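For the sequence shown, this note's numbering gives the first residue as 17, with consecutive numbering after it.
This report concerns only the one structure given below.
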Amino acid sequence: MPNIPFDAIRRLLLKGAIAVVIGLGGMPAFAQDKPDIIRIGSTAPGHLKFVLAQKDGWWDKEFAKDGIKVELVTFNGGSEATTALATGAIEFTYT
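This is how it looks when you write it as structure tokens:
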């Protein structure tokens, strides 16, 4: 194994770290467009907070400020809600 001076290794690692920072720093970050609708799921019959929010239109009022409609989706169990969340069928779940 070759005997490489410690300073040479340190300079090489520093150059590599700088290259990574420059490479990642130049990547643009884009904001996503506002969705037209947000789907929120809950397990049936749902928790009291979910039922009250649905009955009183809390989410509708809050998201209407930004022009977003809310669709509430009920599931028979947590596994169905989790699957819907993982596949993108809903954006949020409340179980």
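Where is the CB? At the ideal position from N, CA and C, for every residue including glycine.
Nothing here was measured: the structure is a model prediction, and the numbers come from that model.
In the DSSP assignment, S58 is bridged to T90, Y110. Following the DSSP letters along the chain, one finds K77 inside the alpha helix (DSSP H) bounded by residues 74–80.
Across the structure, R26 and G41 are spaced so that their CA atoms are roughly 22 Å apart. DSSP places I53 in the strand class (E or B) of the three-state scheme. One thing to note: R55 has its Cβ within 7 Å of the Cβ of E107. For K85, the pairing in a beta bridge is given by DSSP as I53.
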